[in-house]
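Note sheet for the following structure.
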Amino acid sequence: DAKTTQPNSMESNEEEPVHLPCNHSTISGTDYIHWYRQLPSQGPEYVIHGLTSNVNNRMASLAIAEDRKSSTLILHRATLRDAAVYYCILLSGGSNYKLTFGKGTLLTVNP
Amino acid sequence: KAGVTQTPRYLIKTRGQQVTLSCSPISGHRSVSWYQQTPGQGLQFLFEYFSETQRNKGNFPGRFSGRQFSNSRSEMNVSTLELGDSALYLCASSLVVGQPQHFGDGTRLSIL
Chain A
14 DAKTTQPNSM
24 ESNEEEPVHL
34 PCNHSTISGT
44 DYIHWYRQLP
54 SQGPEYVIHG
64 LTSNVNNRMA
74 SLAIAEDRKS
84 STLILHRATL
94 RDAAVYYCIL
104 LSGGSNYKLT
114 FGKGTLLTVN
124 P
Chain B
4 KAGVTQTPRY
14 LIKTRGQQVT
24 LSCSPISGHR
34 SVSWYQQTPG
44 QGLQFLFEYF
54 SETQRNKGNF
64 PGRFSGRQFS
74 NSRSEMNVST
84 LELGDSALYL
94 CASSLVVGQP
104 QHFGDGTRLS
114 IL
C-alpha cells in the first residue's frame, strides 16, 4: 500500500485558516486521497476525498498538487471543535475500501 | 437521521472469555466494516460485510469473526480473549462497498 507522511502535530488559532499537509510520493494513478479526522473519545469522521482536482465541501477543501505527490487539507476558519487527529489515507478506486490509519496530525486550536 | 450505533460502549472481560459486539448501521446502509484501534497499531481493518456476505477480511486470527443480518445489523465475536485484544473496536457503515464510511463511537474492550 502506498504510504503517506504527515507532521505529528500542528497548532492554530481560532477563526484562522489551517493548512494540513500530506506527502504521498509513491501514489499510484488509481489511488484516491482521503481525509478522516477523529475527535477525542469519538469514532473517525469522514472529511473529504479527491483524485486529481481540488475538492470543496461544507467541512473543508482539498488541494492536490499537480503531480499528486502531495496534498493539503484546508480548514478555512478553525474552531475549537476542529481540534482532532487528522488522517490522510490513500485508497485504490473500486470496491476495496479497507481503511488503515497511521499516526496522523494532532491539530490543536487555541482560543 | 440516526448515526451508527455500537453497543455496549464499554466492556471488561477476562482472558479466555468470549465477547460479542453489536453494530447498527445508518438506515439504508448495506455495507458494514469492523476495525480495531490501539495506540500502538493505529486503526486496523478486521472485516467487511455486504448483504450478509463477508467481502473482505484483514490479517487477524480466526478467533475474530463476524456476521451480518438481513436488516444489515452486524455482530463481531472474539473468542478465547487475550490481553492484546484490549482495544477500541469500531464499526463503520456505508451505502455500498467503496463509499466513504460513517463510524460509530466504538466499543472499548478491556481484558484483565
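Taken in sequence, the protein lines are chains A and B. Sequential numbering of the first sequence, starting at 14, is according to the numbering used here. Sequential numbering of the second sequence, starting at 4, is according to the numbering used here. C-beta: ideal position from N, C-alpha, C; glycine also. Small disclaimer: the values here were computed from a predicted structure and weren't measured.
Three-state secondary structure (DSSP) of arginine 94(A): helix
Under 7 Å between C-beta atoms of aspartate 44(A) and serine 105(A): yes
Whole-angstrom C-beta distance between leucine 33(A) and leucine 120(A), which should lie under 8 Å: 7 Å
Closest Cα partner of leucine 84(B) within the set Pro11(B), Gln71(B), Thr23(B): Thr23(B)
Short CB-CB distance (under 7 Å) between tyrosine 99(A) and chain B: no
is_contact[leucine 49(B), chain A] using C-beta, thresh 7 Å: no
Chain A contact for glycine 43(B) (CB, 7 Å cutoff): no
Short Cβ contact (7 Å threshold) for aspartate 80(A) with leucine 88(A): no
Helix, strand or coil at leucine 64(A) according to DSSP, with G and I counted as helix: coil
Under 8 Å by beta carbon: chain B residues contacting glycine 115(A): Gly45
Glycine 87(B) (DSSP reduced to helix, strand or coil): helix
Three CB pairs or more closer than 8 Å across the stretch 98 to 113 of chain B and the stretch 49 to 65 of chain A: yes
Contact under 7 Å by Cβ, asparagine 62(B) with lysine 111(A): no
Phenylalanine 67(B) - containing beta strand (DSSP E), residue span: 67 to 71
Nearest-angstrom beta carbon gap, leucine 86(A) and alanine 73(A) [assumed within contact, 8 Å]: 6 Å
Rounded straight-line distance, which links the Cα of serine 22(A) to that of serine 96(B): 29 Å
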